Amino acid sequence: DAGITQSPRHKVTETGTPVTLRCHQTENHRYMYWYRQDPGHGLRLIHYSYGVKDTDKGEVSDGYSVSRSKTEDFLLTLESATSSQTSVYFCAIRPGQGANTEAFFGQGTRLTVV
Amino acid sequence: AQRVTQPEKLLSVFKGAPVELKCNYSYSGSPELFWYVQYSRQRLQLLLRHISRESIKGFTADLNKGETSFHLKKPFAQEEDSAMYYCALLRGGAQKLVFGQGTRLTINP
Chain P
1 DAGITQSPRH KVTETGTPVT LRCHQTENHR YMYWYRQDPG HGLRLIHYSY
51 GVKDTDKGEV SDGYSVSRSK TEDFLLTLES ATSSQTSVYF CAIRPGQGAN
101 TEAFFGQGTR LTVV
Chain L
1001 AQRVTQPEKL LSVFKGAPVE LKCNYSYSGS PELFWYVQYS RQRLQLLLRH
1051 ISRESIKGFT ADLNKGETSF HLKKPFAQEE DSAMYYCALL RGGAQKLVFG
1101 QGTRLTINP
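Chains P and L, in that order, are what the protein sequence lines are. Under my numbering, the first residue of the first sequence is numbered 1, with each subsequent residue one higher. Under my numbering, the first residue of the second sequence is numbered 1001, with each subsequent residue one higher.
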């Protein structure tokens, strides 16, 4: 399982409510990423982190915020969920720099906003 | 800006036929490219990386900087190759990892 766990695995929420997804790793890897997977769009990067308290925006960051207060946890927050944020969300981790380092993915979180 | 394009959303070939999944990229720096695969009910996983110049499960991919391409090829497709394939580009520095739109490959018996 590469020591990466996403929670919850499934969630249904109402439009306008805040939602937080959690990515937890036990590998002490430096880099963490949040993606959303949608048909026809593939995997799109939302935010990523290159260290504790160090984060940056990806391609589709509007409406999302992240926090990483410790190495093992990377939280993705939808401040006010919208139906367009219905998607499958994936977290990934990487140990270090360079093309020799592989990204490991979580199982995904299926979020439905009604 | 770095970008990865996979022009084919769906690709269907017969078992034993050659397979080529296309990937084009745009990036001003030196690209580091990967292919990831997602089999049914499994996590996304690394298939191969350009720096290793390896062959995994019969797949190879060559980086062509002139054409800014990193196409994935296999001479003889097998049914177990049916999956979703993603091309990815890693940007140096902050290590931003971006993916293409994905190609769903179906191998027909």
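The beta-carbon is built from N, C-alpha and C at its ideal position, and this holds for glycine as well. None of the values given here were measured: they were computed from a predicted structure.
> Ends of the beta strand (DSSP E) at R68 (chain P)?
Replying inline: 64-70
> Taking Y31 (chain P) as the reference, which of P:E102, P:Q107, P:S7 has the closest Cα?
Replying inline: P:E102
>> Restricting to Cα atoms, I'd like to know which of L:L1063, L:G1100, L:S1026 is closest to V1037 (chain L).
In response: L:G1100
> Secondary structure at E1079 (chain L), three-state DSSP: helix, strand or coil?
Replying inline: helix
> So is Y64 (chain P) buried or exposed if we call it buried at 16+ other beta carbons inside 10 Å?
Replying inline: buried
> Are any of the Cβ atoms in chain P nearer than 7 Å to that of G1029 (chain L)?
Replying inline: no
>> Here's a check: name, in chain order, each residue in its chain whose Cβ is nearer than 6 Å to the Cβ of H10 (chain P), leaving out the five neighbours to either side.
In response: R110
>> Would you say E102 (chain P) lies against chain L (beta-carbon separation less than 7 Å)?
In response: yes
> For H41 (chain P), does the three-state DSSP call read helix, strand or coil?
Replying inline: coil
> Considering only residues of the same chain and omitting the five flanking positions on each side of Q37 (chain P), which have a CB-CB separation below 7 Å?
Replying inline: L43, S87, V88, F90
> Q6 (chain P) versus chain L: which residues are under 8 Å apart at the beta carbon?
Replying inline: Here the premise fails: no neighbours, minimum Cβ distance about 10 Å.
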